[in-house]
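If you're matching positions, the sequence shown starts at 1 in the UniProt record's numbering and goes up one per residue.
Here the structure comes first, spelled out in structure tokens, and everything after it is commentary.
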Amino acid sequence: MNNILNTKEDIFEQKNDRLEAMQSDLNLQKKKLQDEFDEQSDKIRQEQFRLAVLEGQSLEFTPEQKGELRSLESDLESKREQLNASHNAVIHLNEQLRQAEKNHESSLSTYHTCTSELKEISDEIVSVSRALLPAKGSLNEYLDQKVPDWRGNIGKVITPSLLNAKNLKPFFDPEATESIFGLHLI
């Protein structure tokens with residue numbers, strides 16, 4: 001029973017570690033993407049400012065400047081596409097994280113259910129063991145030693161918790177009328 005519980009605890013810890021690692025990786029990726037986004041946004045603002053200044057001057061661009069402007073516009077479009085792809089990757093990673101958290105909660109619920117069931121089974125085993133191997137000095141031991149076939153009459157009416165009691169000082173007199181099938185408890 002303890003092996004099962006230990007194995008379940010190990011599995012739970014491993015899943016929890018994997019979930020934490022995924023969360024850490026996601027946070028690092030988010031930070032990296034946000035930094036890239038901020039950097040690209042700054043560059044875009046700078047280029048837009050440069051463009052506004054150049055438009056305001058109403059100068060004729062040289063072929064070299066026009067080529068540089070086309071290159072910058074192309075870079076800007078490329079950066080926008082990269083940013084969009086990064087944003088989509090973050091959305092996908094968030095979905096994976098939510099699913100992992102959902103799986104983790106389901107596993108945790110299953111773990112708690114199994115732990116509860118294991119406790120119930122262990123308690124049942126202890127109860128059955130006590131009935132089969134009565135404790136020294138208990139009412140159960142006394143009945144096993146002194147009262148033949150007690151389970152067929154006394155056993156049907158006595159509270160099971162009394163069978164493990166050690167402070168009852170029982171005595172048996174089958175002829176007594178003020179007793180439970182001849183059993184007296186003091």
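All C-beta atoms in this analysis are idealised placements derived from N, C-alpha and C, irrespective of residue type, glycine included.
Computed from a prediction, not measured in an experiment: that's the story for all the values here.
Do residue j and residue i come within 7 Å of each other at the CB atom, strictly closer than that value?
{"i": "Tyr111", "j": "Lys15", "result": "no"}
{"i": "His104", "j": "Leu19", "result": "yes"}
{"i": "Pro170", "j": "Leu139", "result": "yes"}
{"i": "Asn164", "j": "Phe181", "result": "no"}
{"i": "Leu5", "j": "Leu118", "result": "yes"}
{"i": "Leu97", "j": "Leu162", "result": "no"}
{"i": "Glu141", "j": "Pro134", "result": "yes"}
{"i": "Leu22", "j": "Ala89", "result": "Residue identity differs from the one stated: residue 22 is Met in this sequence, not Leu. In this structure, Ala89 does not lie closer than 7 Å to Met22 by Cβ."}
Return helix, strand or coil for residue i, following the three-state DSSP convention.
{"i": "Leu185", "result": "coil"}
{"i": "Ile4", "result": "helix"}
{"i": "Ile158", "result": "coil"}
Which residues in the same chain as residue i place their Cβ atom closer than 6 Å to its Cβ, once the five residues preceding and following it in sequence are excluded?
{"i": "Trp150", "result": "Leu143"}
{"i": "Glu64", "result": "none"}
Q.
For a minimum of 4 consecutive residues, which ranges assigned as the alpha helix (DSSP H) are wholly contained in the region 58 to 93?
A. Runs found: none.
Q) Pairing CB atoms from the region 76 to 83 with CB atoms from the region 37 to 54, are three or more of them under 8 Å? A) Cβ pair count under 8 Å is three or more, so yes.
Q.
Check whether the region 27 to 40 and the region 80 to 91 are in contact - that is, three or more C-beta pairs closer than 8 Å.
A. Touching, yes.
Q.
For the pair the region 114 to 128 and the region 65 to 72, tell me if three or more CB-CB distances fall below 8 Å.
A. Taking 8 Å as the limit for Cβ pairs, the verdict is that the region 65 to 72 does not touch the region 114 to 128.
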